[in-house]
Amino acid sequence: MTTSTIPAGTPAVATRNLFKTYGKGEATVHALNNVSVDFEHGKFTAIMGPSGSGKSTLMQTLATLDAPDRNPQTIIRIGGTELYGQKDNQLTEFRREHVGFIFQAFNLVPTLTAGQNIALPLGLAGKKPDPVWRDYLVQTLGLQNRLDHRPEQLSGGQQQRVAIVRALLARPEVVFADEPTGNLDSNSGSEVLRLLRDAATEHQQTILMVTHDAHAASYADRVVFLKDG
279 MTTSTIPAGT
289 PAVATRNLFK
299 TYGKGEATVH
309 ALNNVSVDFE
319 HGKFTAIMGP
329 SGSGKSTLMQ
339 TLATLDAPDR
349 NPQTIIRIGG
359 TELYGQKDNQ
369 LTEFRREHVG
379 FIFQAFNLVP
389 TLTAGQNIAL
399 PLGLAGKKPD
409 PVWRDYLVQT
419 LGLQNRLDHR
429 PEQLSGGQQQ
439 RVAIVRALLA
449 RPEVVFADEP
459 TGNLDSNSGS
469 EVLRLLRDAA
479 TEHQQTILMV
489 THDAHAASYA
499 DRVVFLKDG
């Protein structure tokens, strides 16, 4: 079971006055336009909206993987920790301890096997995985015969499942999932959604999932709709 360091009553993730702009002049795109939102601890939230509405940008920014526009009124908090304005090395250390991220593009290291990719974040943090939990995740997602394969030897769906195990292995307090079922068949997608659902209900992890799929969103406790940032 995950032991949370988030103070009681504190949102797991919160932001205020969040802006993100790309480009300049006539090419300016306002991906996020004064977003303020809280996400409750131990809940599964789906973020939906049309293409280009800023869903993935919001997730990347909340996870501190992408910097927002400079604004003295901006707040980005995970638990009770204010992250806006912290240095890159501080953010990296914080993510290792508290955050898991399921990337839409997998972000697997091509020279490492699936098993090595899964273990990499914990290894970088100087920690060893819980072997029982690791085996459960691997078996649930049907990867037990693929751990010695490099990404180029795996299908897109298998790479996605490797990325999901990697994100969940350390039992982070907050998991950001960007279209986690987008490359999966219906059966594998359902297994992933059940895993995320259980992470919230049984382990009190906070799950934020971007999806365009209403069926996937039905697994969530709450749906947040984003339109034009």
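In short: position in the sequence shown from 1, add 278, done, that's the working numbering.
All C-beta atoms in this analysis are idealised placements derived from N, C-alpha and C, irrespective of residue type, glycine included.
Within a 10 Å sphere around the beta-carbon of P388 sit fewer than 16 other beta-carbons, which makes this residue exposed. Note on geometry: alpha-carbon atoms of A305 and T335 lie some 17 Å from one another. By the Cβ-count criterion, D456 is buried, with 16 or more other Cβ atoms from all chains shown falling within 10 Å of its own Cβ. DSSP, reduced to helix, strand and coil, places N423 outside both helices and strands of the structure shown, so it counts as coil. If you draw a straight line from the Cα of A445 to the Cα of I396, it is about 8 Å long. If you draw a straight line from the Cα of N465 to the Cα of E371, it comes to about 35 Å.
Shown here, N461 sits in coil according to DSSP, grouped into three states, outside any helix or strand. For R500, the three-state secondary structure derived from DSSP is strand. Approximately 14 Å separates the beta-carbon atoms of V443 and T459; this is outside 8 Å, ruling out the contact.
With respect to T352, L386 sits apart: the two C-beta atoms are not nearer than 8 Å. Taking C-beta atoms under 8 Å as the contact rule, A448 and P409 fail to qualify, at a distance of about 13 Å. In the DSSP assignment, V440 falls within the alpha helix (DSSP H) that extends over 434–447. The criterion of a C-beta distance shorter than 8 Å is satisfied by F454 and L340. Put simply, of F381, L369, V313, D499 the residue whose alpha carbon is nearest the alpha carbon of N349 is V313.
For H308, the enclosing beta strand (DSSP E) stretches over residues 307–317. In terms of Cα proximity to N367, the closest of I356, L343, L419, A383 is L343. Where Y414 is concerned, the enclosing alpha helix (DSSP H) starts and stops at 409–418. Per the coordinates, the alpha-carbon of G320 lies some 30 Å from the alpha-carbon of G434.
Within the same chain, and ignoring the five residues on either side of V440 in sequence, the residues whose Cβ sits closer than 8 Å to its Cβ are F384, L386, A392, N395, I396, L421, R424, P429, L432. The three-state secondary structure of K302, taken from DSSP, is coil. For L486, the enclosing beta strand (DSSP E) has its first and last residue at 484–488.
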